[in-house]
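I have placed the structure first, in the form of structure tokens, so that the comments after it can refer back to it.
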């Protein structure tokens, strides 16, 4: 059924609003983390889990929810996801401790996982014209960048006037408006009962991801427990291996590994993952560094990292518009390479020149915006319509996986390097090694040598920040190289020419 032009673009607005909510909640706690840790009495590890519970659970469920959307209909899944997301936002806003907030964030991820594949699948089945679809997907991808950048800003504004639970309450009016609009503009629900949903596969994927995150976090501790690391690695390995084996035996797998044979599709998946790894990592560590070392307010730190979105917005829109002319290679590979250059500018100037730091963030955003906007087109344009749900799930798993690995790996690396390099003044408690928050909390409490402690802790944190940014730049360089190899024979106008599409 052909949908009118007006309804198509109104639908894009609605699903983009849903995506904005999802990505906003991925980053909204970055600037709020120091406040949350203090108000809830959370440890450094609990603080990272408050952030990571959301992308971990979402990534584990996304593959299953995409296939479930194919079965029950993407319109229905989008509405279900919105309702669950709204209810979970209320629970999160009134959590009374770190454990309760971690559980609420996991609940939020269930709603997001139901909603997210439906947003892209609805675009795929509604926009039939290739150029129109490329533009729609570029707008969709831009919302992911904008949401990630707005998160720290919105949390900063809210924290200046309200309590931390307000960062979740703001989801409610958007959810209500999106539900009402979906009922009017979304195409009729189109379920396919022949598709089979396998909850066991979703559980196995979740076990593999949770095990991986636990292993990363435990390894980065100053006093890691070998048994915990071994158990987590074992669980992750068994979960991942069993998942892959099960998919090959199922008549209707959650993930058909054959789609990765398409080089453009694989390049799109890698680009999405690398881009979100960089964005999430830069936002997480930069907002913390400038609040804890430079004394920025959450709002000011949020505006600082918004420079990434400032650079990403125009290139994301331009990427979708010129894709049919220039092809995937310059936009994906060139975008990741430009992101690496911008990150190098950040890491060489973060402590000396705010102007050059902001310039580096804008350049990084410009490169990643171009890569992200057409990564979605590379993924969705190289699968047949019957695989739209699966493809959208794979794309969104790559985004969430990039984000969760960034928080788990870079957040843990930041703490580990800080703890290992901190030169404690005489008479200061070893608790100062746990985090910069802990060191600052010790000042004025009889710790002794307050000025020396602040100086030493700040220097150690800056050293850790430098290491993290070097890793981000290296990852983007590797991403540019890998996608360049995959797309070297992929010329302009061939976004839909892969074997998976035919």
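In my numbering, the protein residues as written are 134 to 635. For every residue, glycine included, the Cβ atom is placed at its ideal position computed from N, Cα and C.
Asked: Whole-Å CB distance - residue 188 paired with residue 536, under 8 Å assumed; Found: 5 Å
Asked: Inter-residue Cα distance where the pair is residue 342 and residue 308; Found: 28 Å
Asked: Other residues of its chain near residue 384: CB distance less than 8 Å, five sequence neighbours each side excluded; Found: 329
Asked: C-beta contact flag for residue 549 and residue 557 at 8 Å; Found: no
Asked: Anticipated Cβ contact below 8 Å, residue 280 with residue 466, distance rounded; Found: So it is not a contact: roughly 25 Å between Cβ atoms.
Asked: Residue 172 in three-state terms, based on DSSP; Found: helix
Asked: Nearest-angstrom Cα separation, counted from residue 405 out to residue 512; Found: 10 Å
Asked: Inside the region 344 to 415 only - alpha helix (DSSP H) runs reaching at least 4 residues; Found: 359 to 382
Asked: Three-way DSSP call (helix, strand, coil) for residue 427 in this model; Found: coil
Asked: Close-in-space but distant-in-sequence residues of the same chain around residue 237 (CB under 7 Å, 5 per side omitted); Found: 221, 224, 225, 228
Asked: Length at least 3, wholly inside the region 415 to 494: the beta strand (DSSP E) runs in chain order; Found: none
Asked: Rounded Cβ spacing between residue 275 and residue 144 (contact assumed at less than 8 Å); Found: Not a contact, Cβ separation roughly 16 Å.
Asked: Nearest-angstrom Cβ-Cβ length linking residue 501 and residue 440, presumed shorter than 8 Å; Found: About 12 Å; that fails the 8 Å criterion.
Asked: Where residue 240 falls: helix, strand or coil (DSSP); Found: helix
Asked: Residue 240 versus residue 217 - alpha carbon distance; Found: 8 Å
Asked: Straight-line Cα distance separating residue 339 from residue 376; Found: 10 Å
Asked: Inter-stretch contact (C-beta, 8 Å, three-pair minimum) for the region 194 to 201 and the region 248 to 255; Found: yes
Asked: Inter-residue Cα distance where the pair is residue 352 and residue 163; Found: 22 Å
Asked: Residue range of the alpha helix (DSSP H) that includes residue 564; Found: Where residue 564 is concerned, there is no enclosing alpha helix (DSSP H), given that its DSSP letter is neither H nor E.
Asked: Entirely enclosed alpha helix (DSSP H) segments - the region 146 to 224, minimum 4 residues; Found: 166 to 173, 177 to 205
Asked: Environment of residue 618 [buried if 16+ CB atoms lie within 10 Å]; Found: exposed
Asked: Buried or exposed (CB count within 10 angstroms, at least 16 for buried), residue 207; Found: buried
Asked: Nearest-angstrom Cα separation, counted from residue 542 out to residue 378; Found: 27 Å
Asked: Beta-carbon gap between residue 452 and residue 475 smaller than 8 Å; Found: no
Asked: Beta carbon of residue 539 nearer than 8 Å to that of residue 417; Found: yes
Asked: Backbone CA spacing between residue 271 and residue 265 [nearest angstrom]; Found: 10 Å
Asked: For residue 381 and residue 496, the rounded distance between their alpha carbons; Found: 42 Å
Asked: Enclosing alpha helix (DSSP H) for residue 227 [first to last residue]; Found: Where residue 227 is concerned, there is no enclosing alpha helix (DSSP H), given that its DSSP letter is neither H nor E.
Asked: For residue 266, the three-state DSSP class (helix, strand or coil); Found: helix
Asked: Residue 579 burial status per 10 Å Cβ neighbour count (16 or more: buried); Found: Confidence at residue 579 is low in this model, with a pLDDT of 46, below 50, so the placement of that residue should be treated as unreliable; the coordinate-derived value is given next. Answer is exposed; the Cβ neighbour count stays below 16.
Asked: Inter-residue spacing [alpha-carbon to alpha-carbon] between residue 505 and residue 584; Found: 44 Å
Asked: Segment contact, 8 Å Cβ cut-off, at least three pairs: the region 418 to 430 with the region 590 to 599; Found: yes
Asked: DSSP three-state assignment for residue 112, whether helix, strand or coil; Found: Past the boundaries of the shown model lies residue 112; the chain is included only from 134 to 635, so the question cannot be answered.
Asked: Nonlocal neighbours in the same chain, by C-beta distance under 6 Å from residue 434, ignoring five residues either side; Found: 164, 420, 423, 424
Asked: CB contact flag (residue 287, residue 302, <8 Å); Found: no
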